[in-house]
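The next block holds one structure in the form of structure tokens; read it before the comments.
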Amino acid sequence: MGTLAFSFIALLLSVAAVTVRAQTDPRDVSAMQDIKNSLVLPHSLDWSSGDPCSPWTHVHCSGGRVDAIQLGGTNVSGTVSPSIRNLTALRRFEVMNCGLSGPLPSFSGLSNLQVWISDWL
Ligand SMILES: *[C@@H]1O[C@H](CO)[C@@H](O)[C@H](O)[C@H]1NC(C)=O
Ligand SMILES: *[C@@H]1O[C@H](CO)[C@@H](O)[C@H](O)[C@H]1NC(C)=O
Numbered sequence: 014m015g016t017l018a019f020s021f022i023a024l025l026l027s028v029a030a031v032t033v034r035a036q037t038d039p040r041d042v043s044a045m046q047d048i049k050n051s052l053v054l055p056h057s058l059d060w061s062s063g064d065p066c067s068p069w070t071h072v073h074c075s076g077g078r079v080d081a082i083q084l085g086g087t088n089v090s091g092t093v094s095p096s097i098r099n100l101t102a103l104r105r106f107e108v109m110n111c112g113l114s115g116p117l118p119s120f121s122g123l124s125n126l127q128v129w130i131s132d133w134l
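Residue numbers (our numbering): 14 to 134.
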């Protein structure tokens, strides 16, 4: 009986977790997939889940939106996809001491961006 009740609670919790995860804004998921594909990630960054909010290392979300990408000091390289423009809730973007290259994408339209720390261009 106790085991059954425990299983039921565990099931409820896992359903709740899936529901929370499903709330990530699909535009952010799509933009982050593009960014992931344009970057070359070091092994220390785990971006293997299908949802950047569940979670991806050095990516922070709030209310189902990506609000910070903080890659400073990681050995990330490659380029940043122009799809970053679609992360309209982004507040922080930090890429100090990374190996990024390529053109700086446009950040136009990212009206929530408050902190942008970069030594790249
Ligand atoms: C970015 O937003 C534009 C306009 O809404 C859309 O057409 C495009 O598919 C989006 N890109 C991604 C990667 O979601
Ligand atoms: C980045 O790469 C260099 C050279 O391979 C290595 O010495 C350093 O520890 C790496 N830094 C991180 C944070 O992984």
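The beta carbon of each residue, even a glycine, is placed where N, CA and C say it ideally should be.
Residues that DSSP places opposite residue i in a beta bridge
i           : result
residue 123 : In DSSP, residue 123 forms no bridge with anything.
residue 113 : 91
residue 73  : 81
residue 129 : 106
residue 100 : BP columns for residue 100 are empty, so no partner.
residue 52  : 91
Simplified DSSP state of residue i, which is helix, strand or coil
i          : result
residue 42 : helix
residue 62 : coil
Proximity to residue i [Cα-Cα], best of the options
i           : options             : result
residue 92  : 41, 62, 40 and 52   : 52
residue 50  : 72, 96, 40 and 38   : 96
residue 3   : 101, 44, 45 and 132 : Residue 3 is absent from the model: the chain starts at 14 and stops at 134.
residue 112 : 100, 78 and 55      : 55
residue 80  : 89, 66, 36 and 88   : 66
residue 75  : 108, 48 and 38      : 38
residue 117 : 94, 62 and 57       : 94
residue 98  : 108, 122 and 127    : 122
TODO: Any chance you could list the residues with Cβ under 5 Å from a heavy atom of ligand 1, keeping chain order?
DONE: 43, 44, 47, 96 and 99
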